[in-house]
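Each remark here refers to the structure printed beneath this line.
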Amino acid sequence: MKRADTAPRRGRPPNIDRDAIAQAVLEIGTANATMRSVAARLGVSLPGLYHHVKNKDELLRLAAQHALVSAPPPRYEGQHWAQWLRTYASYIRTALSAEPALLEKFLSGGFEGDGQMEYIGDALEALHAQGLEPDHAVAVWAAVTALSMGSVTEAHRERIQAEQGRPWLARIFAMTARRSPTDYPTLRAIAASRYDPFGEESFDQRITLLLNGITQQYGLSAEPDDVPFTSE
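Here is the structure:
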């Protein structure tokens, strides 16, 4: 009886391209992706992968580009300006929270091509059409983008703190326990309410505050009543 050959079959390595590499990074997870693990995922040798990308930094940049292309930001299609910006803010938070290691690439502009700048240009034209002067349009856009990316950074930092056994509420209790019971009454009240400043609800509240401020600052139409955040 012929013995079955259990050795791996040899042959030509699979053809790969930069999209396949980016997809492999996202499947592994950016926090765990290395040149070696990506090569194994693709079924190619490590030198074969180096033929396409030079280091891990480029792996993450490719993954960031791929994520942006496969799930692009929402375009303005005539909806209320505030609803559109709220959707855009939620997109930024969701896209970057899913893979926190990509945040640096988004912030540093680590993308090739003109796609991102074209999107910003279209967004500014949409805001200008609402009656905003060019400088005001870019100020609004930058404010919403900064708030969204800042929220991702906060949530990521808090996730690390929680993994190390120091979540938000525990840090409050630890600090106030060393102080007089009359110190920091507002912080104590927040702890008692178990308010989470890093969750989706609090993010929506901050976006509402920003959009309301933009409405008042520039005399724009208010967001419809079925959208704003209402606190309990």
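Following our numbering, the numbering of the sequence shown begins with 634 at its first residue and continues without gaps.
Note that CB positions come from ideal geometry on N, CA and C, so glycine has one too.
Computed from a predicted structure; not experimentally measured.
Starting from Asn665, follow the alpha helix (DSSP H) in both directions and report where the run begins and ends. Under the DSSP assignment, Asn665 falls outside any alpha helix (DSSP H); it carries neither an H nor an E label.
If you check the beta carbons only, do His699 and Asp650 fall under 8 Å apart? No, these two residues do not count as a Cβ contact at 8 Å.
Classify Ala807 as buried or exposed, calling it buried when 16 or more other Cβ atoms lie within 10 Å of its own Cβ. Ala807 comes out exposed.
Just checking my contact of Glu691 with Arg674 at CB under 8 Å: how many whole Å lie between their CB atoms? No, Glu691 and Arg674 are not in contact; Cβ-Cβ is about 16 Å, not under 8 Å.
Proximal residues to Val671 (C-beta, below 8 Å), its chain only, five neighbours per side dropped: Only Ile654, Ala657, Val658, Ile661, Leu682 and Leu692 meet the Cβ criterion.
Can you name, in chain order, every residue of its own chain whose Cβ lies under 6 Å from the Cβ of Ser864, other than the five neighbours on each side? Below a pLDDT of 50, predicted positions are generally treated as unreliable, and Ser864, at 40, falls in that range; no measurement from the model is reported.
Is the CB-CB distance between Ile805 and Ala776 below 8 Å? Cβ distance not < 8 Å, so Ile805 and Ala776 don't count as in contact.
Which residue marks the beginning of the alpha helix (DSSP H) containing Gly582, and which one marks its end? Residue 582 is absent from the model: the chain starts at 634 and stops at 865.
Expressed to the nearest angstrom, what Euclidean distance is found between the alpha-carbon atoms of Ala779 and Asp816? Ala779 and Asp816 have their C-alpha atoms spaced approximately 33 Å apart.
According to DSSP, simplified to helix, strand and coil, what is Gly798? When secondary structure is reduced to three states using DSSP, Gly798 falls in the coil class, being assigned neither helix nor strand.
Distance between beta carbons of Glu833 and Gln716, contact taken as under 8 Å: Contact doesn't hold; Cβ gap of about 17 Å is too wide.
Just to confirm the assignment, what range does the alpha helix (DSSP H) spanning Ile649 have? For Ile649, there is no enclosing alpha helix (DSSP H), since its DSSP letter is neither H nor E.
Same chain, Cβ closer than 8 Å to Met750, neighbours up to 5 away in sequence not counted: Closer than 8 Å at the Cβ level, and outside the excluded window around Met750, lies no residue.
Can the beta-carbon of Leu765 be found less than 8 Å from the beta-carbon of Leu844? The answer is no: Cβ separation not under 8 Å.
Using CA coordinates, which residue listed in Val785, Gly754, Val771 and Lys687 is at the minimum distance from Asp872? Residue coverage of the chain in this structure runs from 634 to 865, which leaves residue 872 outside it and unanswerable.
Excluding the 5 residues flanking Glu787 on each side, which residues of the same chain have their C-beta closer than 8 Å to its C-beta? Excluding sequence positions up to five before and after Glu787, its CB lies within less than 8 Å of the CB of Pro830 and Phe831, all in the same chain and listed in chain order.
Distance, Pro707 Cα to Tyr721 Cα: Near 6 Å, if we compare the C-alpha coordinates of Pro707 and Tyr721.
Distance, Pro814 Cα to Ile847 Cα: In a straight line, the C-alpha of Ile847 is about 39 Å away from that of Pro814.
Identify, in the order they occur along the chain, each residue of the same chain with its Cβ nearer than 7 Å to the Cβ of Ala756, setting aside the five sequence neighbours on each side. Only Tyr709 and Trp774 meet the Cβ criterion.
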